Ligand code: SF4
Ligand code: SF4
């Protein structure tokens, strides 16, 4: 990794330059919130955003996508190409970059997903520093920092960006599209001070150190029933989560009955039918069992396989949940002794 400095007023040059060779996607305002969308003009890009409604996972693993088309008569696949145009996603926060690396473990691991891989390989990532929100707790998992998984990362030093360049492609982008200079001692000192200030700006230190142990001990705790009584099974927590990756696959036959499309759509372990099998048997019939499953999968099951929890503390689920259920509440309740 090496470091460069870019004056802030050069940002439009970089975005405009990138737009000549890539589809550029970044955070844009939508009402009072923000979403990742195509950037048509540099002015659209809002690097001062807090968090986006949906995470950038939607750009690699869309809410709905065609996997292939098929012919019924001869049972042949006729179209399973993945079209992945070269693109740059601009302005990802550290939590969302960390979340993509957690998704990589699943989609690029033992059973590789060609759709996800094609989009991952055609996409460059430009990260940007952030400020804590009321809901986020990334500091509890160490996902407030990111050292890998991006091409370029911009840290906001006020009048300039301290740029961490992680890949050769990232260096080439900077060389081609914007004027930068070497970081000097005062830039490095400002970067270190920024990092200290950022760490100190988290007002709430959620203690997650005992969590796997607590989950082991509290599988039958009444806490899960209480959460189940509140949960609406709406699935919003999964939909907005940058690390939830469950999906459903369905075949949709055309009206002529000769051809069809295989489609996959996001699914949620909070939906009633998620664990339903033949004959109507449902392995997680109660809302309590489904809420519990979500926490055990994220903070225990995934951890036991990949040595990381499947949560980056972005706080989106806390914002989305109409029942007010949040990981912060659940972890705190477990730490405090379970049901209360
Ligand atoms: S579980 Fe909630 S806080 Fe954790 S990554 Fe998912 S949406 Fe963010
Ligand atoms: S968002 Fe809240 S109410 Fe909806 S399924 Fe998730 S925990 Fe339950």
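Residue numbers (this note's numbering): 4 to 343.
Even glycine gets a Cβ: it sits at the ideal position worked out from N, Cα and C.
Quantities reported herein were computed from a predicted structural model and do not represent experimental measurements.
In this structure, residue 273 has its beta carbon less than 7 Å from a heavy atom of ligand 2.
Under the Cβ criterion (8 Å, minimum of three pairs), the segment 128-138 counts as touching the segment 80-99. When secondary structure is reduced to three states using DSSP, residue 52 falls in the coil class, being assigned neither helix nor strand. Taken through DSSP and simplified to helix, strand or coil, residue 127 comes out as strand. Excluding the 5 residues flanking it on each side, residue 301 has same chain C-beta neighbours closer than 7 Å at 312, 313, 314, in chain order. The C-alpha of residue 163 lies about 15 Å from the C-alpha of residue 198. Take residue 45, set aside five residues on each side of it, and the residues of its chain with a beta-carbon closer than 6 Å to its own are 15, 18, 19, in chain order. Annotation for residue 245 indicates a beta carbon within 7 Å of some heavy atom of ligand 1.
Remark: fewer than three beta-carbon pairs, one from each stretch, lie closer than 8 Å, so the segment 104-123 and the segment 182-189 are not flagged as touching. Collapsing the DSSP output to three states places residue 138 in coil.
Of the candidates 240, 106, 188, the residue whose Cα lies closest to the Cα of residue 273 is 240. Judged by the Cβ position, residue 325 qualifies as a neighbour of ligand 2 at the 7 Å threshold, a heavy atom of the ligand being closer than this.
Contact between residue 264 and residue 72 holds, with the beta-carbon distance rounding to 5 Å and staying under 8 Å. Taking 8 Å as the cut-off, the beta carbon of residue 327 is found no closer than this to the beta carbon of residue 290. Here residue 82 has 71, 72 as same chain residues with Cβ atoms under 7 Å from its own Cβ, once five neighbours each way along the sequence are excluded. Residue pairing of residue 285 in beta bridges, as defined by DSSP: 279. Inclusion of residue 251 and residue 268 in the CB contact set at 8 Å is warranted, their separation being smaller than that value. Three or more beta-carbon pairs drawn from the segment 53-72 and the segment 25-44 are found closer than 8 Å, and the two stretches are therefore classed as touching. Residue 234 has its CB no nearer than 7 Å to any heavy atom of ligand 1.
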